[in-house]
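Yeah, the sequence shown ends on 396 if you go by the numbering used here, and it's all consecutive. Each residue gets a CB set at the ideal place from its N, CA and C atoms; glycine is no exception. First comes the structure, then the notes that go with it.
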Amino acid sequence: MHRHDRFRPGPWTWIFLAILAAGAVVTVLRYWKGLGAVTNLSDRFPWGLWIGFDVLCGVALAAGGFTITTAVYVFNLKRFQPMVRPTLLTAFLGYLLVAVGLMYDLGKPWNIWHPMVMWNPHSPMFEVAWCVMLYLTVLSLEVSGMVFERLGWTRALAAQHAVIVPLVIAGAVISTLHQSSLGTFYLIMPAKLHPLWYSPYIPVMFYLSAIAGGLAMMIVESRLSSRALGRGLEMPLLQSIGRALLFALGVYGTARLADVASRGVLPQAFSGSRESLFFLLELAIGVILPMALLSFSAVRRNSGRLYGAAVLVVAGLVVNRINVSITALEGAQGGRYAPSLAEGIISMMLVGIGVAAFTLAVRFLPVMAHVEEPELVAARVESAPLLEPVPVRS
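Written out as structure tokens, the structure reads:
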């Protein structure tokens with residue numbers, strides 16, 4: 003067994019267990035007493051942290067799954083093949099936890115099956131419900147290859163490989179639909195959503211930002227996996243992701259600023275209002291600063307610096323989704339929403355479960371190869387003798 007595979011509980015393990023225990027208590031209260039007993043949701047703010055963070059962010063950060071699989075299996079970019087399994091695993095866990103999070107937020111979660119038989123094709127929520135169900139099914143089939151390989155089920159693995167391209171194409175189509183449709187929700191409230199976020203192109207903005215967020219998550223998860231488990235992606239691949247992330251941020255940032263400017267609301271970004279400050283924060287940490295960092299090859303070649311830039315992108319996407327779902331609505335609603343402690347506990351619990359599940363999968367399934375930190379490899383090379391002693395023949 004590899005030294006990183008031996009389980010040694012540390013401080014983070016005990017923190018996770020404490021959050022899990024608190025989440026179990028909140029779960030009982032939520033289903034026993036109802037939403038009002040554990041949340042600060044109301045008729046004024048029916049959607050809060052569980053939608054803005056657990057759903058909108060969870061779906062967006064899982065976008066790397068369809069991005070990389072499309073690049074490898076549709077555009078034949080085989081050098082990205084090592085990224086397929088970790089990104090698919092991230093996407094699968096992300097969507098699975100989105101489904102679990104919805105069970106907390108829905109007023110009557112036992113009716114979650116209704117869209118399967120009660121069709122309303124004119125509703126964006128109906129479309130998203132079907133897309134999430136279908137894409138979660140597709141991801142389950144795509145991830146099953148790792149399980150089949152681990153169990154040695156060669157026939158099942160061969161069958162899964164035979165249908166992988168149709169699955170990837172289906173996943174790409176479904177993801178494109180629902181990544182944008184999450185933004186479509188907000189098209190029906192032009193009088194309520196602040197002009198800095200309301201736009202007829204908000205579905206496009208959701209889609210473009212999700213691609214950047216998914217790419218950033220690949221870098222984040224690889225760095226954390228390599229540090230904690232000795233498994234991750236090789237540095238040349240991470241550099242390629244860094245370049246792709248720089249391009250994706252450039253496209254999204256240009257589209258975002260062009261949209262705000264074309265609607266004549268750019269001056270509101272500098273008005274000094276609460277909304278303007280959050281808008282500038284979103285752009286600064288999610289687009290401008292990481293683009294400035296990634297434009298330097300020295301940043302893209304260093305795993306720590308590249309990781310830092312990716313964390314900024316992830317944080318910026320989280321701020322964006324919270325801004326759209328909460329900040330942009332507070333002015334029109336005439337009040338403020340702050341999540342309760344119980345809402346925060348459930349969100350932290352879902353994140354913790356995702357991290358724990360990813361860690362276990364990397365330990366026991368063929369997800370990532372063993373790697374060493376590039377800096378450690380470089381240090382060993384520098385300390386090695388320039389010339390090995392040559393044996394002298396007698």
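For residue i, the first and last residue of its enclosing alpha helix (DSSP H)
i           : result
residue 63  : 58-63
residue 14  : 13-35
residue 365 : 343-366
residue 309 : 305-324
residue 280 : 276-285
residue 250 : 237-264
residue 269 : Neither: residue 269 is in no alpha helix (DSSP H) and is coded neither H nor E.
residue 292 : 291-296
residue 193 : Taken as a continuous stretch (DSSP letters only), residue 193 belongs to no alpha helix (DSSP H), as it is neither H nor E.
residue 68  : 66-75
residue 79  : Unbroken run through residue 79: none, as it is neither H nor E.
residue 331 : 330-335
Inter-residue CB distance, residue i and residue j (contact presumed, cutoff 8 Å)
i           : j           : result
residue 222 : residue 106 : Between residue 106 and residue 222 the Cβ distance is about 25 Å, and since that is not below 8 Å, they are no contact.
residue 73  : residue 96  : Residue 73 to residue 96, Cβ: 19 Å. No contact.
residue 51  : residue 349 : 6 Å
residue 101 : residue 130 : The pair is not a contact, with the Cβ atoms about 12 Å apart (cut-off 8 Å).
residue 213 : residue 250 : 5 Å
residue 327 : residue 49  : 6 Å
residue 89  : residue 70  : 5 Å
residue 169 : residue 144 : 6 Å
residue 322 : residue 274 : With a Cβ gap of about 20 Å, residue 322 and residue 274 do not count as contacting.
residue 111 : residue 128 : Contact flag wrong, Cβ pair sits at about 17 Å.
residue 148 : residue 352 : That pair is no contact at about 22 Å.
residue 255 : residue 293 : 7 Å
residue 262 : residue 198 : 7 Å
Contact check, residue i vs residue j, beta carbons under 8 Å
i           : j           : result
residue 347 : residue 38  : no
residue 314 : residue 291 : yes
residue 207 : residue 185 : yes
residue 62  : residue 215 : yes
residue 271 : residue 91  : no
residue 356 : residue 18  : no
residue 68  : residue 177 : yes
residue 210 : residue 253 : yes
residue 296 : residue 248 : yes
residue 335 : residue 47  : yes
residue 94  : residue 142 : yes
residue 370 : residue 227 : yes
residue 337 : residue 217 : no
residue 325 : residue 280 : yes
residue 104 : residue 114 : yes
residue 259 : residue 84  : no
residue 196 : residue 330 : yes
residue 171 : residue 86  : no
Notebook entry, point to check: Of all the alpha helix (DSSP H) runs that stay within the bounds of the region 107-189, which reach a length of 4 or more residues?
Noted result: 126-153, 156-164, 166-186
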